[in-house]
Amino acid sequence: MNQHPDKPAPVAQDASDPDAGLFGRPLFEDPSARALSRVGVVDVGSNSVRLVVFDGAARSPAYFYNEKIMCALGAGLSESGILNPQGRVRALNALRRFQHLAQGMGLPTLTVVATAAVRDASDGQDFCDEVKRETGLRIWVIDGDEEARLSAQGVLLGWPGSYGLVCDIGGSSMELAEISGGRVGKRMTSSLGPLKLRDVPGGKKGRDRHIRETLETMRDVMGDQRDRLFLVGGSWRAIARIDMQRRGYPLHVLHEYRMTARSVTATVKYIQAADLSELRAACGISSARMSLVPLAAEVLKRLVRVFSPKDIAISSYGIREGMLYEQMPQRLRDRDPLIEACRFAEAKDARMPGFGKLLYAFIHPLFRKVPEPRRRLIKAACLLHDVSWRAHPDYRAETCFDNATRANLGGLKHSERVFLGLALLHRYSNKREGTRFENLYELIDEKTRLDAEILGKAMRFGAMLWMTQDAERGTLKWYPKKRLLELRLTRDMVPLFGEVAEARLMSLAASLQASVEIKRKR
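Residue numbering for the sequence shown follows my numbering, starting at 1294 and increasing by one per position.
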């Protein structure tokens, strides 16, 4: 049976480890993870050369450094058979700069891979030799099958246990890879990159015929693929930005942005009718990228028609993240990227690292019957509840919301980002009206907004009850049928239950529409 696309894959549990499972012991201090705490990778593509340095929790890394230089190495390759001479000079300069940056950051080495343009050009090996002489960097030229595999592994970095079809478009090629149950299956490559499509004879009709025939051949090889379509690559992300612009979509986060076949069709028509310079400015897309968008849009329209996916998701993770995933031990791959990132944030930034777990245990009675996807968000919120304490008190609630909705966190749908953001906002504020984020609230329904408010207020109250590890802790009990919230105070807790704590408890009860009963242990 396929894994549901919006649920992490089940994680095998070690019965000897009391912290095993979805919320298992964090692994960022494990030697196998610490070895990945700062990793530099370079992707030499047909259109751009990019350096990414990953840092932080290895399962869900932060981008310590990210720089892209548009070189267009593959421009004119179909006609000349060689790399674009100007692009070659720019790429060499970029790699020289990246090597110096890596040395300044203290990175042990850079892993450099090159894709379609370098592997197809007759002077590709000569370029690699020149880079080795000038910079000392060795370029690993990978074939289309390996490119597809690494891109699919990048998707698995953010969606463990996912299934569907990964489509990675570059300047000179487009790859497809099947993923199922957290594994990469069939994959293949094609020449459907926009730089190559420029050189297809016969104008638009010739391109349409070439795109259709190529994709139908790919479908024959890949088989029926009607699950989720994951889109990887700069041209797909640019189209997603335009789709957001057309729809007036309020959350400008590309990762996990969803489109439908109907919205793809509408956006392709929107692009074809638009003034591209005005559209580029409105969407913040570079001129070099925008020149490729109309061609990529033709491919996407046909891709969706040929494969008929259930839904479409944009992935900001691709080949570079796949290179990091390649180095991970399996037990690290199996972890939930959201929870691992939140664990790392708590350890680094919270005033009392470890209290998030105690807070989760304290408020858990309010959420006993919630489904597992919601439970992991509650856990994430408890881990993050105190990481923004350094912000000015007047802005702390909004800072929390902003961080949750826009941070580089894997394994989060946009609606889940808003739920998490609202919960953390209510950790510091009883009210959510009057913020600059009100247009984002509409991404979740009223019931979900109330659930986020209850979670936030529960954390707001629970955070008042900091205690030593060996203290006897009190408990919350929730009786939904009677609408009764019961607080049982131990002798150790009584001194902590002052006026402010009581006011926060009553605010939580109001959101629950509950009466309150307080029992003090004597």
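Even for Gly, the Cβ is constructed at its ideal location relative to N, Cα and C.
Unbroken beta strand (DSSP E) stretches of 3 residues or longer found wholly inside the segment 1352-1381: 1355-1363, given in chain order. Per DSSP, residue 1600 has no beta bridge partner at all. Judged by pairs of C-beta atoms under 8 Å, the segment 1794-1810 does not touch the segment 1680-1693, as fewer than three such pairs exist. Around the beta-carbon of residue 1377, 16 or more other beta-carbon atoms lie within 10 Å, marking it buried.
About 5 Å separates the beta carbons of residue 1576 and residue 1535, which is inside the 8 Å limit, making them a contact pair. By the neighbour-count criterion, in which a residue is buried when 16 or more other Cβ atoms sit within 10 angstroms of its Cβ, residue 1811 is exposed.
Distance from the CA atom of residue 1353 to the CA atom of residue 1448, rounded to whole angstroms, is 12 Å. Secondary-structure assignment with DSSP links residue 1772 through a beta bridge to 1777. Boundaries of the beta strand (DSSP E) around residue 1470: 1467-1473.
The C-beta distance from residue 1468 to residue 1444 rounds to 6 Å, short enough to fall under 8 Å.
Checking the DSSP bridge columns, you'll see residue 1523 partnered with 1459 and 1606. Within the segment 1614-1645, there are no complete beta strand (DSSP E) runs of at least 3 residues. Looking at the backbone, the Cα of residue 1384 and that of residue 1421 are separated by about 11 Å. In the structure shown, residue 1572 falls within a helical segment according to DSSP collapsed to helix, strand and coil.
For the segment 1399-1435, the continuous beta strand (DSSP E) assignments of 3+ residues that do not extend past its boundaries occur at 1403-1407 and 1432-1434, in sequence order. Residue 1601 sits exposed, since fewer than 16 C-beta atoms from the chains shown fall within 10 Å of its C-beta.
Residue 1582 carries a helical assignment under DSSP once its states are collapsed to helix, strand and coil.
Following the DSSP letters along the chain, one finds residue 1812 inside the beta strand (DSSP E) bounded by residues 1808-1813. For residue 1364, the CB contacts under 7 Å within the same chain, skipping 5 residues up- and downstream, are 1341, 1342, 1380, 1383, 1384 and 1387 in chain order. In the displayed model, residue 1341 falls within a strand according to three-state DSSP. Between residue 1695 and residue 1655, the CB-CB gap reaches or exceeds 9 Å.
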